[in-house]
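Working notes, beginning with the structure itself.
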Amino acid sequence: MHKAKMWLGIVAVMLLGFGARAEKQAPGFELPDVQGKTYKLADNLGKIVVLEWTNYDCPFVKKFYTAGAMQELQREAVARGVVWLSICSSAPGKQGHFERDEWLRRMQSAKVAVPVLLDPDGKVGRAYGAKTTPHMFVIDAEGRLVYQGGIDDQPSARAQSLEGARNYVREALQALWDGQPVPLAEAKPYGCSVKY
Amino acid sequence: MKFRMYLMLPLLLAGLTAQGLEPLSRARLLADRSAVTPGGQETLGLQLVMAPGWHTYADPPGDSGMAPRINFKQPSDLRDASWRFPPPHAFRDAAGVTYGYENVALLLIDARVPPDAPVGGNWTVRADVEWLICRELCRPMFATVELELPVRDREVLFPNWTPLLRRGGWPAARE
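Protein chains in written order, with my numbering: chain A, 1 to 196; chain B, 197 to 371.
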């Protein structure tokens, strides 16, 4: 019994060690967007960066895009100098993996104005420990991960759940803009699993 | 206009097949009593039935997924009560481990009929339910479930309750 508990503890500590942890330096990466343009995290030092793991066919992602809530938050953030990068780690053949033209068509029809970076081998997704879509990461101007987790406190695919939801990303950005500590560094992400 | 209607017909039929005729998952409300008494204690069950290959989630659901959300419309005092989930199975995919149920899951909650419920009337329970089912892909499911039980001066046990418990993931349920 005690042995089992000890092993459970060791496994738990090992699991905690995996993936990125809040307040740690954000793992560096270099990824192409759907048009082939390269984005490097290191190029954005000095700016706040939001990473949004996405899969346009996941119902939880659709909740935000169909209502325009994700695009609105993206616009709000970008208008204040934030670099917002959507990342798709769907492997070829899996849900959410598209060819260039399909990406452009979908981004245009959803009026998405932020780049979507492609991570088909899942390397960057695994470096960050991205589990779900959406799964959000906020990086401060010093390159530290100050928030990671779900986008809000409403694990639901229903559009009505957007109303009155506590949006952790908006909250983290507001805190950074106000020069305040981010109130919540981590929250449990919800949604579809990343289709590695 | 007429032409447009023809175009829409296959879509309508596809919608019917997806939602009405062959649901991938259904929800219904059950109770351990067929008739209740004023002030009586009941166990209510939310039964989620999944088509083969699909699973729903426990609370907490693990690395991804979503626990069922149950919002009682009536009676409102059940809103803050907590559900008991049967022991879940682990599901593994490339993004991690989740916990949940295949085939049938029966979630349980304790409820009490109001002491002033009139004998001869009905006691009604109604809830909006959202649950997620996944295979490789995920589909959110929505339903309003309702249960109406007659209020009598003597309660009547629901005879099929134990087999329903067993089917719903409670193997230790006794006769």
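C-beta: ideal position from N, C-alpha, C; glycine also.
Residue range Lys123 to Tyr128 is occupied by the alpha helix (DSSP H) that includes Gly125 of chain A. For chain A, the residues of the stretch 256-289 of chain B that bring a beta carbon within less than 8 Å of one of its beta carbons are Pro256, Pro257, Asp259, Ser260, Gly261, Met262, Ala263, Arg265 and Asp289, in chain order. Assignment of Tyr295 of chain B by DSSP, reduced to helix, strand and coil, places it in the strand class. At least one CB atom of chain A sits nearer than 7 Å to the CB of Leu333 of chain B. Residues of chain B whose Cβ lies closer than 7 Å to the Cβ of Thr132 of chain A are, in chain order, Ser260. The straight-line gap separating the alpha-carbon atoms of Val112 of chain A and Lys47 of chain A is approximately 21 Å. The Cβ-Cβ distance between Asp259 of chain B and Lys131 of chain A falls below 7 Å. Not flagged as an interface residue toward chain A: Glu298 of chain B, since no C-beta distance is shorter than 7 Å.
Not flagged as an interface residue toward chain B: Val61 of chain A, since no C-beta distance is shorter than 7 Å. DSSP places Met136 of chain A in the uninterrupted beta strand (DSSP E) bounded by His135 to Ile139. Neighbours of Arg158 of chain A in chain B, taken as residues whose beta carbon is under 9 Å from its own, are Arg265, Glu326, Pro336 and Phe338 in chain order. Look at Trp250 of chain B here: in three-state DSSP terms it is coil, with no helix or strand label. Here Val34 of chain A has Arg100, Trp103 and Val116 as same chain residues with Cβ atoms under 6 Å from its own Cβ, once five neighbours each way along the sequence are excluded.
Distance check between Arg331 of chain B and each of B:Gly236, B:Leu302, B:Met246 and B:Pro256 places B:Met246 closest, using alpha-carbon atoms only. Shown here is that no member of the stretch 102-128 of chain A has a Cβ falling below 7 Å from a Cβ of chain B. Secondary structure of Asp101 of chain A (DSSP, three-state): helix. Between Leu360 of chain B and Ala369 of chain B, the alpha-carbon positions lie close to 9 Å from each other.
Here the alpha carbons of Val138 of chain A and Ala175 of chain A stand approximately 11 Å from one another. Taking C-beta separations shorter than 7 Å and ignoring five residues to either side along the sequence, the partners of Gln25 of chain A in its chain run Gly143 and Arg144, following chain order. What Gly364 of chain B touches in chain A, judged by beta-carbon distance under 8 Å, is nothing: the nearest beta carbon there is about 23 Å away.
Here Pro359 of chain B carries a helix assignment [DSSP, helix/strand/coil].
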